[in-house]
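Colleague:
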DNA sequence: TTGAAAGCGCTAACAA
DNA sequence: TTGTTAGCGCTTTCAA
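Chains as they are written, first to last, in full-length UniProt numbering: chain G, 1 to 344; chain L, 1 to 344.
What follows is the structure in structure tokens.
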């Protein structure tokens, strides 16, 4: 057998093993495996052959310790199920795929304490950069981020002061834009439906912008309904029924995400309600997933993929020391999509 | 200032810094920070205070190298957007949260070569275990997995021979079960709609089991339609229209996933087709997300969360050396959900 | 183009 | 309960 396939306690292979098998010094083996420095074609071949036969897998732990370089980017986001963060990840991967960097994801479930511990955990691996959702963090988390000498990009929100770089939309502005579109379309009795998430700062800011701009138009949110847990589509239906029973005069429903908006839409269609004539509807996120519903829900695209791309670009370029003309505060513009549930 | 807040090139803090700041040896500082061994309350307090003031974050790279232990579990799956893998992750996290282990995710996009490189990459960090989707891998990947001395759990499929442990359902059986239910309900003209994914072995096996069991009932798949890319809901609609125009006699449509099934359902309802009277429909996955549609789609639950839980349990217990009565081949039973689109 | 020596920051093992 | 010593497996640096 090529290698002692029956070693009782398999010891992972080391550079030394490859060195011995190939008759080349450890140092030169290392050079070959990393494509560094000049190595003659002959030795290169010997080394690669030996490494392959043995099945050598380099130990990045040792490599990272020695070189003080770790090609990992910590990406810290609230959740994956959301339909919003997978898109962000797509943008990030797209850019990092052209660099030596790799994203590593940590989830916070919208809990500040969890965010803090996840951040601590990830920083202990000494990543080359951090991409983190939101501008709100615990004091300790903020201190860690400030204390670290790597690029830190806060994403998905620009309403606040970043620690370092920041990429995203203004949720206040997104809320305002929606309010203006609603007012302009002539709707007058507005209801709001959202999640029970005091810690979702972006939803909160959107709501604040929304009410503020409504007020300027002499309008207000006349009723509200909140949910937590369960299937969002179902909850959207239920909340819509509840709010419309309680406030039958409402002629517009603004949902804090597309999924509950879709549930609301299905409910209205079931009930034979004329959308957007009798009641207008709008969600938030621009979730592509929902195209194909009986009607296209009005929504607002938050530029998630672009956010991921930009953030990754900032990290990649800063980590590479290339800071020429690098914009580190990028405000993207939310894009209103009227769909078929909002009169224009 | 407590620490030179203006160090020009911030050097990350080391144990030594904490040691000096607290007047306690590095070793004892290390013990305090890891809660290992006996340390007097007094020194513990001193050390923790110093660590906190300095803002020390341990270097896991050095720790891992010294201790030869890495509390990471590599989780290698095709994609996140799928709605199926987030559930698996939920199950995994649930279990690992009660252990020192942490999942780290790598994505393959259903590409064997990508799987191989991601695996290589992750193994180079010397994780404590591997959870990987599917039983089909490149030869090199298989060799790596076999060559490694840590628990390896292949998940989501049990139709084949695992390298080490395996947890999941039999997709052949799932296909057969659906075929039997369809035949029993009296449907006779079956159409199949799926993805253009020759590399999705689980979908393939499902289809094989499906046709095989249909054949036993004297039935066959009379028409098929495939898609790639785009919004699954839209594609489901389009494919359904196409296949029904081409084969108007079909009275049952089996979709390879719930999302296109939902699109098909919406299409049929639009067209005033009587579901499940005139045409029956079924998808696959048991996606909770879709509850709330006008009709509940028949589907088959693949036990995704449970799969994640079991896999994580195997890794956790094997990594801890606790192998008492540990089942390393777990076949879960797919659960047929009739919903409202399949006569019983 | 190749090799030898030193050390990255931490922990295991042992000694006091 | 605390400290000392010797690496972990690699890469950096310098010399040949």
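We put the CB at the ideal spot given by N, CA and C, even for glycine.
1. Quick one: Cα of residue 87 (chain L) to Cα of residue 61 (chain L), how far?
2. Rounded to whole angstroms, what is the Cα-Cα separation between residue 203 (chain L) and residue 134 (chain L)?
3. May I ask which residues mark the beginning and end of the beta strand (DSSP E) holding residue 282 (chain L)?
4. Mind pulling the beta strand (DSSP E) runs of 3 or more residues that sit fully within the region 246-315 of chain G?
5. Is there a Cβ of chain G sitting closer than 7 Å to that of residue 233 (chain L), yes or no?
6. Report buried or exposed for residue 66 (chain L), applying the criterion of at least 16 other Cβ atoms within 10 angstroms of its Cβ.
7. How about residue 281 (chain L) and residue 264 (chain L): are their beta carbons less than 7 Å apart?
8. Is residue 237 (chain G) helix, strand or coil when you go by DSSP?
9. Can you tell me which of the three DSSP states residue 196 (chain L) falls into?
10. How far does the beta strand (DSSP E) with residue 54 (chain G) in it extend, from its first residue to its last?
11. Taking 7 Å as the CB-CB limit, is residue 128 (chain G) close to chain L?
12. If you pair each beta-carbon of the region 187-204 of chain L with each one of the region 223-236 of chain L, do three or more pairs fall below 8 Å?
13. Taking residue 31 (chain L) as part of the alpha helix (DSSP H), name the residues at either end of that continuous run.
14. Return the CA-CA distance between residue 147 (chain L) and residue 127 (chain L), expressed in angstroms with no decimal places.
15. Considering only DSSP beta bridges, list what residue 331 (chain L) is partnered with.
16. I need the DSSP call for residue 352 (chain L), collapsed to helix, strand or coil.
17. Taking any Cβ of chain L, which residues in the region 331-343 of chain G have a Cβ under 9 Å from it, in chain order?
18. In whole angstroms, what separates the C-alpha of residue 161 (chain G) from that of residue 155 (chain G)?
19. Buried or exposed for residue 321 (chain L), going by 16 or more other Cβ atoms inside 10 Å?
20. Is residue 228 (chain L) close to chain G, meaning its C-beta is less than 7 Å from at least one C-beta of that chain?
21. Taking a cut of 7 Å between CB atoms, which residues from the region 214-226 of chain L lie near chain G?
22. Is it buried or exposed for residue 15 (chain L), if we count other Cβ within 10 angstroms and need 16 for buried?
23. For residue 129 (chain L), which beta-bridge partners are listed by DSSP?
24. To which residues of the same chain is residue 290 (chain G) closer than 7 Å at the C-beta, ignoring the five residues directly before and after it?
25. Mind reading off the beta-carbon distance from residue 176 (chain L) to residue 212 (chain L)? Whole number of angstroms is fine, and I expect it under 8 Å.
26. Along the chain, which unbroken stretches of the alpha helix (DSSP H) at least 4 residues long are found entirely within the region 110-161 of chain G?
27. Listing by chain order, which chain G residues have their CB less than 7 Å from the CB of residue 59 (chain L)?
28. Please return the same chain residues whose Cβ sits closer than 6 Å to the Cβ of residue 11 (chain G), not counting the five positions on each side in sequence.
29. Three Cβ pairs or more, each shorter than 8 Å: is that satisfied between the region 44-52 of chain G and the region 34-49 of chain L?
30. Is residue 38 (chain G) helix, strand or coil by DSSP?
31. Taking Cβ-Cβ distances shorter than 8 Å, what residues in chain L pair up with residue 120 (chain G)?
32. Less than 7 Å between the beta carbons of residue 152 (chain G) and residue 130 (chain G), yes or no?
33. Ends of the alpha helix (DSSP H) at residue 97 (chain G)?
34. Within a Cβ cutoff of 6 Å, which residues of the same chain sit near residue 20 (chain G), ignoring the five residues on either side of it in sequence?
35. How big is the Cα-Cα spacing for residue 93 (chain L) and residue 309 (chain L)?
36. Alpha carbon to alpha carbon, how far is residue 166 (chain G) from residue 26 (chain L)? Give it in angstroms, no decimals.
Modeller: By the coordinates alone:
1. Here the question's residue 87 (chain L) lines up with position 87 in the second chain. Here the question's residue 61 (chain L) lines up with position 61 in the second chain. Residue 87 (chain L) and residue 61 (chain L): Cα-Cα distance of roughly 30 Å.
2. The residue given as residue 203 (chain L) occupies position 203 in the second chain. The residue given as residue 134 (chain L) occupies position 134 in the second chain. Roughly 11 Å between the two C-alpha positions.
3. As a first step, residue 282 (chain L) is located in the second chain; it is residue number 282 there, counting from the start. Unbroken beta strand (DSSP E) run through residue 282 (chain L): 280-282.
4. With a minimum length of 3 residues, the continuous beta strand (DSSP E) runs that stay inside the region 246-315 of chain G are 252-255, 280-282, 299-301.
5. Locating residue 233 (chain L) in the second chain gives position 233, where the first residue counts as 1. Closer than 7 Å to some Cβ of chain G, the Cβ of residue 233 (chain L) qualifies, so yes.
6. Within the second chain, the letter at position 66 stands for residue 66 (chain L). Residue environment analysis places residue 66 (chain L) among the exposed positions, since fewer than 16 neighbouring C-beta atoms fall within 10 angstroms of its C-beta.
7. As a working mapping, residue 281 (chain L) is identified with position 281 in the second chain. As a working mapping, residue 264 (chain L) is identified with position 264 in the second chain. Cβ distance < 7 Å, so residue 281 (chain L) and residue 264 (chain L) count as in contact.
8. Walking along the first chain from the start, residue 237 (chain G) turns up at place 237. Correct three-state label for residue 237 (chain G): helix.
9. Counting from one through the second chain, the residue named residue 196 (chain L) turns up at place 196. In the structure shown, residue 196 (chain L) adopts coil according to DSSP, grouped into three states.
10. Reading the first chain from its first residue, position 54 is the one you call residue 54 (chain G). Segment 41-54 is the alpha helix (DSSP H) holding residue 54 (chain G); no beta strand (DSSP E) there.
11. Taking the first chain and counting its residues from 1, the one referred to as residue 128 (chain G) is at position 128. False, the Cβ-Cβ gap to chain L never drops below 7 Å.
12. With a cut-off of 8 Å on Cβ pairs, the region 187-204 of chain L is in contact with the region 223-236 of chain L, counting three or more such pairs.
13. Residue mapping note: residue 31 (chain L) aligns to position 31 of the second chain, counting from 1. Element bounds for residue 31 (chain L): 26-34.
14. Within the second chain, numbered from 1, the residue matching residue 147 (chain L) stands at position 147. Within the second chain, numbered from 1, the residue matching residue 127 (chain L) stands at position 127. Roughly 14 Å separates the two Cα atoms.
15. As a position in the second chain, residue 331 (chain L) is number 331, starting the count at 1. Residue 331 (chain L) is bridged to L:168.
16. Limits of chain L in this structure are 1 at one end and 344 at the other, which puts residue 352 (chain L) out of reach.
17. So the list is empty, because no residue satisfies the distance condition.
18. Reading the first chain from its first residue, position 161 is the one you call residue 161 (chain G). Reading the first chain from its first residue, position 155 is the one you call residue 155 (chain G). Rounded to whole angstroms, residue 161 (chain G) to residue 155 (chain G) spans 12 Å at the Cα level.
19. Within the second chain, numbered from 1, the residue matching residue 321 (chain L) stands at position 321. Exposed, since its Cβ has fewer than 16 Cβ neighbours within 10 Å.
20. For the purposes of this step, residue 228 (chain L) is taken as the residue at position 228 of the second chain. No, no contact with chain G.
21. The residues in question: there are none.
22. Counting from 1 along the second chain, the entry for residue 15 (chain L) is found at position 15. Label assigned to residue 15 (chain L): buried.
23. Taking the second chain and counting its residues from 1, one reaches residue 129 (chain L) at position 129. L:73, per the DSSP bridge assignment.
24. The residue labelled residue 290 (chain G) in the question sits at position 290 within the first chain. Cβ neighbours of residue 290 (chain G) within its own chain (closer than 7 Å, five residues either side excluded): 258, 262, 297.
25. Indexing the second chain from 1 puts residue 176 (chain L) at position 176. Indexing the second chain from 1 puts residue 212 (chain L) at position 212. Contact between residue 176 (chain L) and residue 212 (chain L) holds, since their C-beta atoms are separated by about 7 Å, short of 8 Å.
26. Counting whole runs of 4 or more residues, the region 110-161 of chain G contains the alpha helix (DSSP H) stretches 112-123, 139-147.
27. Looking up residue 59 (chain L) in the second chain gives position 59. Listed along chain G are 124, 126, each with a C-beta nearer than 7 Å to that of residue 59 (chain L).
28. Reading the first chain from its first residue, position 11 is the one you call residue 11 (chain G). Cβ neighbours of residue 11 (chain G) beyond the five flanking positions: none.
29. A contact is defined here as three or more CB-CB pairs under 8 Å, and the region 44-52 of chain G fails this definition with respect to the region 34-49 of chain L.
30. As a first step, residue 38 (chain G) is located in the first chain; it is residue number 38 there, counting from the start. It is coil, neither helix nor strand.
31. Position 120 of the first chain holds residue 120 (chain G). Neighbours of residue 120 (chain G) on chain L, chain order: 57.
32. For the purposes of this step, residue 152 (chain G) is identified with residue 152 of the first chain, where counting begins at 1. For the purposes of this step, residue 130 (chain G) is identified with residue 130 of the first chain, where counting begins at 1. Contact: yes.
33. Along the first chain, read from residue 1 onward, the residue named residue 97 (chain G) stands at position 97. Premise fails: residue 97 (chain G) is in no alpha helix (DSSP H) and is neither H nor E.
34. The sequence position of residue 20 (chain G) within the first chain is 20, counting from 1. Same-chain partners within the cutoff: there are none.
35. Residue mapping note: residue 93 (chain L) aligns to position 93 of the second chain, counting from 1. Residue mapping note: residue 309 (chain L) aligns to position 309 of the second chain, counting from 1. Between the alpha carbons of residue 93 (chain L) and residue 309 (chain L) lies a gap of roughly 8 Å.
36. For this step, residue 26 (chain L) is matched to residue 26 along the second chain. For this step, residue 166 (chain G) is matched to residue 166 along the first chain. Here the C-alpha atom of residue 26 (chain L) lies approximately 38 Å from the C-alpha atom of residue 166 (chain G).
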